[in-house]
Structures are given as structure tokens and as C-alpha cells.
Ligand code: GTP
Ligand code: MG
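Numbering (UniProt numbering), first residue to last: 1 to 273.
Structure below.
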């Protein structure tokens, strides 16, 4: 009996976890992992074929964590290969390229694919998600700003980090937060602690701000059809004002969105008899 004690203590302190990387092809998933594990950057694009697998050991507080990393190929061609690797993950790195809007817009479909493949196992509250806004070193080609990325991530209870696999910016901080959250979750009985990334605003508020930013004209911004009546415009305006009023909404970008909605309403009402 005596001899088992240290072993049991060791077992309690060591942890084995599985993490996966997701995101469009060429956004930098493999480079982010390589930068962390091998401390180097490869400028040449070497597409991941199906899945790359690696193991690393990390220390979080008094625990040794053995991390199994499944680095997925982003190209749609490899869907059949990667779909079986979603199950039993404790952590997901969701990566997009800040210079490619499509790769940011695709995050929703990556979550969709994951949910679909996990089927009845799809309990997203038992998984730590980290969003990596990658390639921030290429400042001139940036099209998705920090506010937009952070809003998308935090409204879903996900962490958000700005990273560059090229310069190393944000990489260690991101992985430290990732592994520490996974450890917290395991110690919390497999439930992601809510308080930690509690955003203080709703997904509806975040999605509305995003929709407003991307709207093509004032009608679209208020969510009414071109040619709508004064009454319809005012009704839509009131709904948005309640949702986004700066006194009530702390989501990043809410103030600008609120002002844009006020301006849209004013300009539409000017032209409606
Ligand atoms: P798939 O395996 O096809 O899904 O792509 P991936 O997401 O793993 O992309 P990968 O890591 O292979 O990187 C794609 C290209 O982007 C490579 O040419 C990298 O050198 C480059 N790259 C990755 N991260 C960065 C970064 O932070 N900054 C810059 N400037 N280039 C990067
Ligand atoms: Mg890759």
C-alpha cells in the first residue's frame, strides 16, 4: 500500500489532453505550433496533408500536462481525413489570417463542421477555445481589426490572442493561457469555468455589431427593406437602440455601431415622406 502512494499522487498531478487546430488552409496553424514547440518559423508554405500529430509536455502550476496535438489540414480536400479527429478534444485553436477576411468569416463554419462531426458528443462547454488572429506582423495587409476579432471570440466565451508565428508575438502567452484554461477546466470537473472569459455582453449584441459593420447601406444597417415606411424604420431603430445603447452595452464597438444606427435612421427619415 505504502508504495502506491507516490504513484497515486503523481497520477493526480499529471494530465493528458488532446488539442486540435482548426482554420482555413494557409492561415498559419502549423507555423503557430512549430513556433511554440520548436521555436522556429518556416516561411515556405508546406500544406499539412490530412493531419500532423505531435506530443509536447508542459508544466501548469504543480501539474505536468502531456499535450497531444492534432494539427488539421485546412484544405476542404482533407475533410474526410480530419473529420474523425474532432472527438475527445479538450482544446481547440481556431486560427484565421488577419489579412484574409474569408478566413475570419470561415470560423463559424469550422465550428459547424466540428459540431456536426462530434454528433451527440458535441458539448462545446467542455472545450477550451482560443482564437488566434494570426499574421499580425503583416500590418499593411491587415483587414480584420482587433475589435472585430475580439468581439467574435469573447461573445462566444472564447479567448482571443493576436499572434505572429513569424515574429513569435503572442505565441507563448496564447499557449500558456490555453493550457492553463484546459487545466482549470479539468480541475473543474470538465466544465469550462465561465467567469474567466465572461464577456459581459451577449452573442446577440456581438452579432448585431458585426452585422452593422458589414452592412452595405442604411436600409441594410437597420435591417429593413429599401422603401420601408417611417414607422418601420423607427421600429427597427428602437430595437437596435435598446440592444446597443452605450449605457447598456459594453461590447467592443458598440458605441460606433450605435452612432452608425442613429445616422442611418436620420438619413433614411430625411428621404421618407
Ligand atoms: P494548412 O496546413 O494548409 O491548413 O495551412 P496552415 O494553416 O497550417 O498554414 P501554415 O502554418 O503552413 O502557414 C501558411 C503560410 O503562411 C506559410 O508560408 C507560412 O510561412 C506563413 N505564415 C504562417 N504564420 C505566419 C505569420 O504569423 N506571419 C507571416 N508573415 N507568415 C506566416
Ligand atoms: Mg498546416
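The beta-carbon is built from N, C-alpha and C at its ideal position, and this holds for glycine as well.
These figures come from a predicted structure and were not determined experimentally.
Own chain, CB closer than 6 Å to residue 158, minus 5 neighbours either side, in chain order: Position 158 of the chain shown holds residue 158. Answer for residue 158: 129, 131, listed in chain order.
Extent of the continuous alpha helix (DSSP H) run through residue 172: Along the chain shown, read from residue 1 onward, the residue named residue 172 stands at position 172. Residues 171 to 187.
Contiguous beta strand (DSSP E) assignments of at least 3 residues, all confined to the region 12 to 36: 14 to 22
Local Cβ density within 10 Å of residue 268, reported as buried at 16 or more and exposed below that: Within the chain shown, numbered from 1, the residue matching residue 268 stands at position 268. Buried.
Cβ contact check for the region 93 to 102 and the region 17 to 33: 3 or more pairs under 8 Å: yes
Segment contact flag, the region 165 to 181 with the region 203 to 211, C-beta cutoff 8 Å, min 3 pairs: no
Cβ pair residue 50, residue 81 closer than 9 Å: The residue given as residue 50 occupies position 50 in the chain shown. The residue given as residue 81 occupies position 81 in the chain shown. For residue 50 and residue 81, yes; Cβs fall inside 9 Å.
Helix, strand or coil at residue 42 according to DSSP, with G and I counted as helix: By 1-based counting over the chain shown, the position of residue 42 is 42. Correct three-state label for residue 42: coil.
Paired residues, beta bridge with residue 70 - DSSP: Position 70 of the chain shown, counted from the start, is the residue given in the question as residue 70. Per DSSP, 20, 53.
Ligand 2 heavy atom lying under 8 Å from the CB of residue 48: Counting from one through the chain shown, the residue named residue 48 turns up at place 48. Yes, ligand 2 has a heavy atom inside 8 Å of this Cβ.
Closest Cα partner of residue 31 within the set 214, 200, 101, 169: Looking up residue 31 in the chain shown gives position 31. The residue with the shortest Cα to Cα distance from residue 31 is 169.
Top-ranked residue by Cα proximity to residue 149, from 181, 252, 221, 109: As a working mapping, residue 149 is identified with position 149 in the chain shown. Considering only alpha carbons, the answer is 252.
Anticipated Cβ contact below 8 Å, residue 232 with residue 242, distance rounded: Working through the chain shown from its first residue, we reach residue 232 at position 232. Working through the chain shown from its first residue, we reach residue 242 at position 242. Actually they do not touch by this definition, with Cβ atoms about 16 Å apart.
Own chain residues within Cβ distance below 8 Å of residue 195, not counting five before or after: Here residue 195 refers to the residue found at position 195 when the chain shown is read from its first residue. A caution first: residue 195 carries a pLDDT of 48, below 50, which makes its placement in the model too unreliable to give a value.
Backbone CA spacing between residue 145 and residue 230 [nearest angstrom]: By 1-based counting over the chain shown, the position of residue 145 is 145. By 1-based counting over the chain shown, the position of residue 230 is 230. Their Cα atoms are separated by approximately 34 Å.
Proximity below 9 Å, CB of residue 88 to CB of residue 18: For the purposes of this step, residue 88 is taken as residue 88 along the chain shown, with counting starting at 1. For the purposes of this step, residue 18 is taken as residue 18 along the chain shown, with counting starting at 1. Cβ distance < 9 Å, so residue 88 and residue 18 count as in contact.
Status (buried if at least 16 other CB within 10 Å, exposed otherwise) for residue 134: Translated into the one-based positions of the chain shown, residue 134 becomes position 134. It is buried - the Cβ of residue 134 has at least 16 other Cβ atoms within 10 Å.
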